[in-house]
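Quick notes on the structure that follows.
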Amino acid sequence: MIKTLIDQSFPLVMLDQEQIQNRVYLGDVEKNIEIFNALLKGKKAINELIPNHLENLNKCCRAISSIIQRDDFQIFSFENEIRSGFPFLMLDNYPLEDCVISNRMNYATEKLTHIEASMAINAMSYCYLCESTENEIEAEFSAFMLDFIKILASHNYETECFNSSGFYNIID
């Protein structure tokens, strides 16, 4: 049901492999692309390259959600598995309609869709994971994913279906 709603309300335009390689900070190009492709295949595939990566990301998402709040003060929760076609964790308890969220660290308040909010919290979570992990491969991949999500947001600005300024206001 949510996937259908997402498809109808927000036609996310993904970056293709060439755009990723030309626009995203890659670090170890081959390794990060290999991990990214594994991420798209799901938990089992990514755990072979970075054990417990989705669990680590989910912990960071929960930590970040303590500073990002909905207008009704409900705590965000996240799905445990990557959805097909979306290379980041989606919010699990986001309302069907757009929702006002606030970042208590920078006082930003924005009305965001389910995907916009998920991308914003994932971007902040990857930044946190990059700084907190002791696994060098995971740290470099986290930097890659932070850059990827920001570039994906900019890429979707052109579709006029993405609240790019709201996304950046929340994460900056």
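Just so we're aligned, residue 1 is where the sequence shown starts under this note's numbering, counting upward by one. For glycine and all other residues, C-beta sits at the position ideal for the given N, C-alpha and C.
- Message: One question on the structure: do L89 and E79 come within less than 9 angstroms of each other, judged by their Cβ atoms?
- Response: On the sequence shown, residue 89 is found 89 positions in, with the first residue counted as 1. On the sequence shown, residue 79 is found 79 positions in, with the first residue counted as 1. Yes, these two residues count as a Cβ contact at 9 angstroms.
- Task: Report all residues from its chain with a CB closer than 6 angstroms to the CB of H53; omit the five preceding and five following residues, and keep chain order.
- Result: For this step, residue 53 is matched to residue 53 along the sequence shown. Taken in chain order, the residues that qualify are I46.
- Task: Report the three-state DSSP secondary structure of I101 (helix, strand or coil).
- Result: For this step, residue 101 is matched to residue 101 along the sequence shown. Three-state result, I101: strand.
- Is the segment 19–36 in contact with the segment 135–147, if contact means three or more CB pairs nearer than 8 angstroms? yes
- Item | Residues of its chain near C130, where Cβ-Cβ distance is below 7 angstroms and the 5 sequence neighbours each way are ignored | Locating residue 130 in the sequence shown gives position 130, where the first residue counts as 1. A139, S142, A143, L146, listed in sequence order.
- Query: Thinking just about the alpha-carbon of each residue, which of S65, G166, Y168, I33 is nearest to the one in P87?
  - Reply: What you label residue 87 is simply residue 87 of the sequence shown in a count that begins at 1. Of the listed residues, the one whose Cα sits closest to P87 is I33.
- Identify, in the order they occur along the chain, each residue of the same chain with its Cβ nearer than 6 angstroms to the Cβ of F167, setting aside the five sequence neighbours on each side. The residue given as residue 167 occupies position 167 in the sequence shown. So the qualifying residues of the chain are E116, A120, A153.
- Backbone CA spacing between E174 and I67 [nearest angstrom]: In the structure as shown, the chain begins at 1 and stops at 172. Residue 174 is therefore absent and cannot be evaluated.
- Task: List the residues that DSSP assigns as beta-bridge partners of I149.
- Result: Taking the first residue of the sequence shown as position 1, residue 149 is located at position 149. Partner(s): none; I149 has no beta bridge.
- Message: Between the alpha carbons of N169 and F76, how many angstroms are there, rounded?
- Response: Counting from 1 along the sequence shown, the entry for residue 169 is found at position 169. Counting from 1 along the sequence shown, the entry for residue 76 is found at position 76. N169 and F76 have their C-alpha atoms spaced approximately 19 angstroms apart.
- Task: Please go through the same chain and pick out, in chain order, the residues whose beta-carbon is closer than 6 angstroms to the beta-carbon of R104, but skip the five residues on each side of it.
- Result: As a first step, residue 104 is located in the sequence shown; it is residue number 104 there, counting from the start. So the list reads I67, once near-sequence residues are dropped.
- Could you check if N163 is buried or exposed, using at least 16 other CB atoms within 10 Å of its CB as the buried criterion? If you number the sequence shown from 1, residue 163 lands on position 163. It counts as buried.
- N93 and Q74 closer than 9 angstroms at C-beta: One-based indexing of the sequence shown puts residue 93 at position 93. One-based indexing of the sequence shown puts residue 74 at position 74. Contact flag set, yes.
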